[in-house]
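**Student:**
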Amino acid sequence: MTEANLDVRSARKDQLVPGATGDWEIIVGLEVHAQVASNAKLFSGASTAFGAEPNANVSLVDAAMPGMLPVINRRCVEQAVRTGLGLNAKINTWSRFDRKNYFYPDLPQGYQISQYKDPIVGEGEIPVETDDGETITVRIERIHLEQDAGKSIHDLSPTETFVDLNRAGVALMEIVSRPDIRSGKEASAYLTKLRAIVRALGTCDGNMDEGSMRADVNVSVRKPGTPFGTRCEIKNVNSMRFVAQAVDYEARRQIAVLEDGGVIKQETRLFNATTGETRALRSKEDAPDYRYFPDPDLLPLELDPKWIEEIRATLPELPDAKRTRFMGAYGLSAYDAGVSAGDLETAVFFETVAQGRDAKLAANWLTQELFGALNKRELALADSPVSAAQLGGLIDLIASGDINGKIAKDVFARMLDSGEDAAVIVEREGLRQVTDTGAIEKAIDDLIAANPDKVAEAKEKPKMFGWWVGQTMKATGGKANPAVVNDLLKQKLGVA
Amino acid sequence: MSDLTKLSLTDALDGLASKQFSSREITDAFLAAIDRANPHLNAYVAVTHEKARAMADASDARRAQGRAGRLDGAPLGIKDLFCTEGVRSAACSAILGEFTPTYESTVTANLWAEGAVMLGKLNMDEFAMGSSNETSCFGNVINPWRSAGGNAQLTPGGSSGGSAAATSADLCLAATATDTGGSIRQPAAFTGTVGIKPTYGRCSRWGIVAFASSLDQAGPIGKTVTDAALMLSVMAGHDPKDSTSLPVQTPDFVAAVGRSVKGLKIGVPKEYRVDGMPAEIDALWEKGIAQLKDAGCEIVPISLPHTKYALPTYYIIAPAEASSNLARYDGMRYGARKVGKDLTETYEATRASGFGKEVQRRILIGTYVLSAGYYDAYYLRAQKVRARIAEDFTKAFTQCDAILTPTAPSSAFALGEKAGDPVQMYLNDIFTVTTNLAGLPGISVPAGLDANGLPLGLQVIGRALDEETVFAVAGALEKAAGFSAKAQAWW
Numbered sequence: 001m002t003e004a005n006l007d008v009r010s011a012r013k014d015q016l017v018p019g020a021t022g023d024w025e026i027i028v029g030l031e032v033h034a035q036v037a038s039n040a041k042l043f044s045g046a047s048t049a050f051g052a053e054p055n056a057n058v059s060l061v062d063a064a065m066p067g068m069l070p071v072i073n074r075r076c077v078e079q080a081v082r083t084g085l086g087l088n089a090k091i092n093t094w095s096r097f098d099r100k101n102y103f104y105p106d107l108p109q110g111y112q113i114s115q116y117k118d119p120i121v122g123e124g125e126i127p128v129e130t131d132d133g134e135t136i137t138v139r140i141e142r143i144h145l146e147q148d149a150g151k152s153i154h155d156l157s158p159t160e161t162f163v164d165l166n167r168a169g170v171a172l173m174e175i176v177s178r179p180d181i182r183s184g185k186e187a188s189a190y191l192t193k194l195r196a197i198v199r200a201l202g203t204c205d206g207n208m209d210e211g212s213m214r215a216d217v218n219v220s221v222r223k224p225g226t227p228f229g230t231r232c233e234i235k236n237v238n239s240m241r242f243v244a245q246a247v248d249y250e251a252r253r254q255i256a257v258l259e260d261g262g263v264i265k266q267e268t269r270l271f272n273a274t275t276g277e278t279r280a281l282r283s284k285e286d287a288p289d290y291r292y293f294p295d296p297d298l299l300p301l302e303l304d305p306k307w308i309e310e311i312r313a314t315l316p317e318l319p320d321a322k323r324t325r326f327m328g329a330y331g332l333s334a335y336d337a338g339v340s341a342g343d344l345e346t347a348v349f350f351e352t353v354a355q356g357r358d359a360k361l362a363a364n365w366l367t368q369e370l371f372g373a374l375n376k377r378e379l380a381l382a383d384s385p386v387s388a389a390q391l392g393g394l395i396d397l398i399a400s401g402d403i404n405g406k407i408a409k410d411v412f413a414r415m416l417d418s419g420e421d422a423a424v425i426v427e428r429e430g431l432r433q434v435t436d437t438g439a440i441e442k443a444i445d446d447l448i449a450a451n452p453d454k455v456a457e458a459k460e461k462p463k464m465f466g467w468w469v470g471q472t473m474k475a476t477g478g479k480a481n482p483a484v485v486n487d488l489l490k491q492k493l494g495v496a
Numbered sequence: 497m498s499d500l501t502k503l504s505l506t507d508a509l510d511g512l513a514s515k516q517f518s519s520r521e522i523t524d525a526f527l528a529a530i531d532r533a534n535p536h537l538n539a540y541v542a543v544t545h546e547k548a549r550a551m552a553d554a555s556d557a558r559r560a561q562g563r564a565g566r567l568d569g570a571p572l573g574i575k576d577l578f579c580t581e582g583v584r585s586a587a588c589s590a591i592l593g594e595f596t597p598t599y600e601s602t603v604t605a606n607l608w609a610e611g612a613v614m615l616g617k618l619n620m621d622e623f624a625m626g627s628s629n630e631t632s633c634f635g636n637v638i639n640p641w642r643s644a645g646g647n648a649q650l651t652p653g654g655s656s657g658g659s660a661a662a663t664s665a666d667l668c669l670a671a672t673a674t675d676t677g678g679s680i681r682q683p684a685a686f687t688g689t690v691g692i693k694p695t696y697g698r699c700s701r702w703g704i705v706a707f708a709s710s711l712d713q714a715g716p717i718g719k720t721v722t723d724a725a726l727m728l729s730v731m732a733g734h735d736p737k738d739s740t741s742l743p744v745q746t747p748d749f750v751a752a753v754g755r756s757v758k759g760l761k762i763g764v765p766k767e768y769r770v771d772g773m774p775a776e777i778d779a780l781w782e783k784g785i786a787q788l789k790d791a792g793c794e795i796v797p798i799s800l801p802h803t804k805y806a807l808p809t810y811y812i813i814a815p816a817e818a819s820s821n822l823a824r825y826d827g828m829r830y831g832a833r834k835v836g837k838d839l840t841e842t843y844e845a846t847r848a849s850g851f852g853k854e855v856q857r858r859i860l861i862g863t864y865v866l867s868a869g870y871y872d873a874y875y876l877r878a879q880k881v882r883a884r885i886a887e888d889f890t891k892a893f894t895q896c897d898a899i900l901t902p903t904a905p906s907s908a909f910a911l912g913e914k915a916g917d918p919v920q921m922y923l924n925d926i927f928t929v930t931t932n933l934a935g936l937p938g939i940s941v942p943a944g945l946d947a948n949g950l951p952l953g954l955q956v957i958g959r960a961l962d963e964e965t966v967f968a969v970a971g972a973l974e975k976a977a978g979f980s981a982k983a984q985a986w987w
């Protein structure tokens, strides 16, 4: 891979970072560690369940007892292939596992089994929709399978470190991008898209809180049009927001160093989520010599092309295809389709709501009202107090004319608090819309009698019509059907 | 009763089957012999009296019910490299301390499944690294054989010195052993016993402490070719827990021993006539060639041109793999730990005190050859040469069915004689490492005595998975040599 092949994108003008010496361009590449969704570890039968008692999910192989040997878990291989296919990537029918040698108490073997020279998945690419409405292409360099390490716990004792090997040997996919990303926001959008794809594929649960997905972020800066600068790697960033923050902070730090006449040293850095800053962990010179070599306990991994095709045939609909379908089948705007299809859970929720209903209305209620409310309450869609069926029920009441839009919002607010069905609330609170023209006519007649001056004004100033609508709605407790109110007012006030 | 220990495995099984004696009787006979001899020979590092008697009694009960397995009641010795459930398995290294596995290696489990009885764990070079048994943390084994008229203590060879010495001195009917560069065959040659390293992948490595994964293979040491064939028949077999275990059926090796060798082509590689090899080894080789010719074999001169690179190649690949395989002995989860002031010091103190000098030497060599900047020049090149060595054999086997060579360049040497010179020590493996590098089966058969009355062995090498031809040729050599000498008991 030559520099020219790597350097294929230029940042937009508004993505450049102004400095004392002119504009700077940010260059970012991500190495995302995604835990393979699998019940058992990569080379042992031990469980991968999250939240078990420390050292409960540890086999003899995971603890590296003498004479223990790794045996590849077919399911993990299948998941890596599935992921590669989902990222439009080349599947390598011949790959190999290497040992990465280093000492640490949470690495029982004294080496991590990984894929160094010959990864299972080669080059691919994914389109990424950014917040700016642009779609960029981020190229994937490779995906390889490797073992996770255990966890060292330093804060249980002032003098001792405890080790939990539950994670030791769990299968990870390291998904390595090309340096095609040009801002913190783009980095975050890329990670969001990647997460949506692996979740749709079912190859990683994407749970960043539990560490199922985390990113090493490579950042460098340069003057536009010049060669890439020296990069720093920020380790283990574990949220979309932090990725964007880490990139922006690190870019500003590097620019400051360079503009001060300094040089960037290639190093590994840590991101502090509390301060939003990065700090140096170790320089390239201090990086251990991992002494990679092919693991003699394992045979090369040879895949039957027929098996790869079988996996391809079972790929689910991915977010991009889903988005296109949502635009076509449901008539959604590109934006609404993108939001609704962007995440497997959202898409399932949306389709449940939209089934047999006005899809645009469903999309609006989902993306505006429900997401707005969930954001305010800091809840995930999975924890929504209003289920898809309940939101559908609310929309049904609007469609049938039982409630109007304004009342619907009130009902929705109560649903969020109580978790009750819309129909229950409407019935109990007597919020059913008044379509009885007699009652509305009576209210209007009363208003006309009380406000003769306003009748004349309404004829002269069309704006006054709004006042009449408002007063009529008020008089009917907001329950009047707005269309009926409009018609009757026009008729009685004699306005067109 | 004591003459029960002199029986071959095959004869002992006949005696057990015909109820001439019980497993308990022969087991007690072996335990008594071990208790008497071991203070002198140091072949066993643990004797499992109670377990042996319990296994023997259970075997006798099975026989009484007519449910005997192929090795039922036969007392065996187990090399300390094999993990045995509930019995200390230390690979004769201080770093493993009193490590007692909760699991049983596949190979030993196969033996127990056929009714064999475990007498104890056999001494060996630390982590199987050595050719003289002098690197064991339990002290060296002493060869039961002595030079005629001499009192010098000789090495039983290594690394499976305990397995060879115990079999030779009638302290077990047969023993398990392992071979990474000659560790079964050289000790067999030094003790007048039969040892076979099967095709790589024939025996499962699961539960055997790893030295060099791509070279390690388990095999037996026995008193006769037939005994070795029977042992291997039981030890071998596909094991899904070892990814390098071959998914093949195990043939009836015992039946192969008596098979005619008439018409077989026997290759004699010219590169195995090395400078400085004693004339009597050359003569022994010629005698073996003549014997096979008499048995109807055709002798074919062959060339294995990359032979001279085998030893240096081996001493790059084996230490490289060992340096990584032995990283797990870090004092964190099991075995010995020596606490330092911080993590790094704890690692250093643990490994410096836990590993012996030879193991440390090989870890250092292995770490060096895998280092950035040296990998291509050493490890990668060694792998390329290894492929050439394997090609040599592939080509040779288009011309012949088996290859005959000496097993080792000398008879048993004195303890301490080569301990100060690792290169001299490594030269012991010169005829045996090639088959490990190529993954081929090789057997050592006792073929005669040297001028000092010490046993010498000949090696038969076969095609991958063709142990049957190897056993047939070995059987013919055994028959022709009529080797029946035993070490005179001085212990």
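Taken in order, these protein sequences are the chains called F and P. At position 201 of the first sequence the residue is numbered 201 (our numbering), and the sequence of numbers has no breaks. Plus 496 on top of the position in the second sequence (first one is 1) and you've got our numbering. Built from N, CA and C at the ideal position, the CB exists for glycine as well. Fair warning: this is a prediction, and the values are worked out from it, not measured in the lab.
Whose CA, out of P:902, P:828 and P:892, lies closest to the CA of residue 782 (chain P)?
**Tutor:** Counted from its first residue, the second sequence places residue 782 (chain P) at position 286. The option with the nearest alpha carbon to residue 782 (chain P) is P:902.
**Student:** If you draw a straight line from the C-alpha of residue 498 (chain P) to the C-alpha of residue 668 (chain P), how long is it?
**Tutor:** As a first step, residue 498 (chain P) is located in the second sequence; it is residue number 2 there, counting from the start. As a first step, residue 668 (chain P) is located in the second sequence; it is residue number 172 there, counting from the start. Here the model assigns residue 498 (chain P) a pLDDT of 49, short of 50, so the residue's position is not dependable, and the following value carries that caveat. If you take the alpha carbons of residue 498 (chain P) and residue 668 (chain P), they lie about 12 Å apart.
**Student:** So which residues of chain P does residue 96 (chain F) contact, with C-beta pairs closer than 9 Å?
**Tutor:** Taking the first sequence and counting its residues from 1, one reaches residue 96 (chain F) at position 96. Under the 9 Å cutoff, chain P gives no residues; its nearest Cβ is about 12 Å from residue 96 (chain F).
**Student:** Which of the three DSSP states, helix, strand or coil, is assigned to residue 680 (chain P)?
**Tutor:** Taking the second sequence and counting its residues from 1, the one referred to as residue 680 (chain P) is at position 184. DSSP places residue 680 (chain P) in coil when its eight states are reduced to three.
**Student:** Rounded to a whole number of angstroms, what is the C-alpha to C-alpha distance between residue 80 (chain F) and residue 121 (chain F)?
**Tutor:** Position 80 of the first sequence, counted from the start, is the residue given in the question as residue 80 (chain F). Position 121 of the first sequence, counted from the start, is the residue given in the question as residue 121 (chain F). Cα to Cα, the separation comes out at about 8 Å.
**Student:** Count the other C-beta atoms from every protein chain shown that fall within 10 angstroms of the C-beta of residue 428 (chain F), then say buried if there are 16 or more, exposed otherwise.
**Tutor:** Numbered from its first residue, the first sequence carries residue 428 (chain F) at position 428. Exposed, because fewer than 16 other Cβ atoms sit within 10 Å of the Cβ of residue 428 (chain F).
**Student:** Taking Cβ positions, are residue 612 (chain P) and residue 655 (chain P) nearer each other than 9 Å?
**Tutor:** On the second sequence, position 116 is the one that residue 612 (chain P) refers to. On the second sequence, position 159 is the one that residue 655 (chain P) refers to. The answer is no: Cβ separation not under 9 Å.
**Student:** Just reading off the alpha helix (DSSP H) that residue 369 (chain F) is part of, what are its end residues?
**Tutor:** Sequence index remark: in the first sequence, residue 369 (chain F) carries index 369 (1-based). Neither: residue 369 (chain F) is in no alpha helix (DSSP H) and is coded neither H nor E.
**Student:** Name the residue from P:803, P:801 and P:740 whose alpha carbon lies nearest to the alpha carbon of residue 700 (chain P).
**Tutor:** Counted from its first residue, the second sequence places residue 700 (chain P) at position 204. Nearest option by C-alpha distance: P:740.
**Student:** Between residue 485 (chain F) and the rest of its own chain, which residues show a CB-CB distance below 7 Å, the 5 nearest in sequence each way excluded?
**Tutor:** Residue mapping note: residue 485 (chain F) aligns to position 485 of the first sequence, counting from 1. 440, 469, 472 and 473.
**Student:** Is residue 161 (chain F) close to chain P, meaning its C-beta is less than 9 Å from at least one C-beta of that chain?
**Tutor:** On the first sequence, residue 161 (chain F) is found 161 positions in, with the first residue counted as 1. Chain P, which has a Cβ nearer than 9 Å to the Cβ of residue 161 (chain F), makes this yes.
**Student:** Under 8 Å Cβ-Cβ, which residues of chain F neighbour residue 595 (chain P)?
**Tutor:** The residue you call residue 595 (chain P) lines up with position 99 of the second sequence. Within chain F, the residues near residue 595 (chain P) are 66.
**Student:** Would residue 638 (chain P) and residue 911 (chain P) qualify as a contact pair, given that the criterion is a beta-carbon distance under 9 Å?
**Tutor:** As a working mapping, residue 638 (chain P) is identified with position 142 in the second sequence. As a working mapping, residue 911 (chain P) is identified with position 415 in the second sequence. It is a contact, given that the beta carbons lie within the stated cut-off.
**Student:** Run the CB neighbour count on residue 810 (chain P), radius 10 Å, all protein chains shown included, and call it buried at 16 or more, exposed below.
**Tutor:** The count along the second sequence starts at 1 and reaches residue 810 (chain P) at position 314. Label assigned to residue 810 (chain P): buried.
**Student:** First and last residue of the beta strand (DSSP E) that includes residue 214 (chain F)?
**Tutor:** As a working note, residue 214 (chain F) is residue 214 in the first sequence. Residues 213–222.
**Student:** State whether the stretch 704–711 of chain P contacts the stretch 814–822 of chain P, with contact taken as three or more CB pairs (one from each stretch) at a distance under 8 Å.
**Tutor:** With a cut-off of 8 Å, the stretch 814–822 of chain P and the stretch 704–711 of chain P count as touching, because enough Cβ pairs lie within range.
**Student:** Taking 9 Å as the CB-CB cut-off, is residue 703 (chain P) touching chain F?
**Tutor:** As a working mapping, residue 703 (chain P) is identified with position 207 in the second sequence. Output row for residue 703 (chain P): interface = yes.
**Student:** Cβ of residue 907 (chain P) within 9 Å of Cβ of residue 751 (chain P)?
**Tutor:** Taking the first residue of the second sequence as 1, we reach residue 907 (chain P) at position 411. Taking the first residue of the second sequence as 1, we reach residue 751 (chain P) at position 255. No, they are not a contact pair.
**Student:** Report the three-state DSSP secondary structure of residue 706 (chain P) (helix, strand or coil).
**Tutor:** Taking the first residue of the second sequence as position 1, residue 706 (chain P) is located at position 210. Coil.
**Student:** Determine, using beta carbons only, whether residue 298 (chain F) comes closer than 9 Å to chain P.
**Tutor:** For the purposes of this step, residue 298 (chain F) is identified with residue 298 of the first sequence, where counting begins at 1. Judged by the 9 Å Cβ criterion, residue 298 (chain F) is in contact with chain P.
**Student:** Alpha carbons only, please: which of F:353, F:110 and F:160 is nearest the one belonging to residue 825 (chain P)?
**Tutor:** Reading the second sequence from its first residue, position 329 is the one you call residue 825 (chain P). For the residues F:353, F:110 and F:160, the minimum Cα distance to residue 825 (chain P) belongs to F:110.
**Student:** Using a 10 Å radius around the Cβ and a threshold of 16 neighbouring Cβ atoms, would you call residue 144 (chain F) buried or exposed?
**Tutor:** Here the question's residue 144 (chain F) lines up with position 144 in the first sequence. By the 10 Å Cβ count, residue 144 (chain F) comes out buried.
**Student:** What do you reckon, are the CB atoms on residue 932 (chain P) and residue 672 (chain P) nearer than 9 Å?
**Tutor:** For the purposes of this step, residue 932 (chain P) is taken as residue 436 along the second sequence, with counting starting at 1. For the purposes of this step, residue 672 (chain P) is taken as residue 176 along the second sequence, with counting starting at 1. Their beta carbons are not under 9 Å apart, which means residue 932 (chain P) does not touch residue 672 (chain P) by this criterion.
**Student:** Mind checking whether residue 754 (chain P) and residue 971 (chain P) have CB atoms under 9 Å apart?
**Tutor:** Reading the second sequence from its first residue, position 258 is the one you call residue 754 (chain P). Reading the second sequence from its first residue, position 475 is the one you call residue 971 (chain P). Yes; because the gap between Cβ atoms is below 9 Å, this pair is in contact.
**Student:** Which value, in whole angstroms, describes the spacing of the CA atoms of residue 572 (chain P) and residue 165 (chain F)?
**Tutor:** Here the question's residue 572 (chain P) lines up with position 76 in the second sequence. Here the question's residue 165 (chain F) lines up with position 165 in the first sequence. Each residue's Cα considered, the two are about 37 Å apart.
**Student:** Touching or not, the stretch 22–38 of chain F and the stretch 71–80 of chain F, by the rule of three or more beta carbon pairs under 8 Å?
**Tutor:** Yes: at least three Cβ pairs fall under 8 Å.
**Student:** Could you check whether the Cβ of residue 99 (chain F) sits closer than 9 Å to any Cβ belonging to chain P?
**Tutor:** Taking the first sequence and counting its residues from 1, one reaches residue 99 (chain F) at position 99. Yes, contact with chain P.
**Student:** Once you ignore the five residues that flank residue 46 (chain F) on each side, which residues in its own chain have a CB closer than 8 Å to its CB?
**Tutor:** As a working mapping, residue 46 (chain F) is identified with position 46 in the first sequence. So the list reads 40, 57, 58, 59, 61, 62 and 169, once near-sequence residues are dropped.
**Student:** Between the stretch 838–865 of chain P and chain F, which residues of the former have a C-beta closer than 8 Å to a C-beta of the latter?
**Tutor:** Answer in chain order: 839, 843 and 863.
**Student:** Quick one: does residue 708 (chain P) have its CB under 9 Å from some CB of chain F?
**Tutor:** The residue labelled residue 708 (chain P) in the question sits at position 212 within the second sequence. For residue 708 (chain P), the answer is yes, since a Cβ of chain F falls inside 9 Å of its Cβ.
**Student:** Against chain P, which members of the stretch 55–83 of chain F pass a CB distance test of less than 8 Å?
**Tutor:** Those would be 60, 63, 64, 65, 66, 67, 68, 69, 70, 71 and 72, in chain order.
**Student:** Which same chain residues end up closer than 7 Å to residue 597 (chain P) when comparing Cβ atoms and leaving out the 5 residues on each side of it in sequence?
**Tutor:** Here the question's residue 597 (chain P) lines up with position 101 in the second sequence. Counting only Cβ-Cβ distances below 7 Å, and skipping sequence neighbours, we find 579, 580, 581 and 585.
**Student:** Alpha carbon to alpha carbon, how far is residue 893 (chain P) from residue 977 (chain P)?
**Tutor:** By one-based count along the second sequence, residue 893 (chain P) stands at place 397. By one-based count along the second sequence, residue 977 (chain P) stands at place 481. Looking at the two C-alpha atoms, the distance is approximately 25 Å.
**Student:** Any idea what DSSP makes of residue 164 (chain F), helix, strand or coil?
**Tutor:** Here residue 164 (chain F) refers to the residue found at position 164 of the first sequence. Here residue 164 (chain F) sits in strand by DSSP.
**Student:** Three Cβ pairs or more, each shorter than 8 Å: is that satisfied between the stretch 828–844 of chain P and the stretch 254–271 of chain F?
**Tutor:** The stretch 828–844 of chain P vs the stretch 254–271 of chain F: no contact.
**Student:** Find the nearest neighbour of residue 831 (chain P) within the set P:595, P:889 and P:923, judged by alpha-carbon distance.
**Tutor:** For this step, residue 831 (chain P) is matched to residue 335 along the second sequence. Considering only alpha carbons, the answer is P:595.
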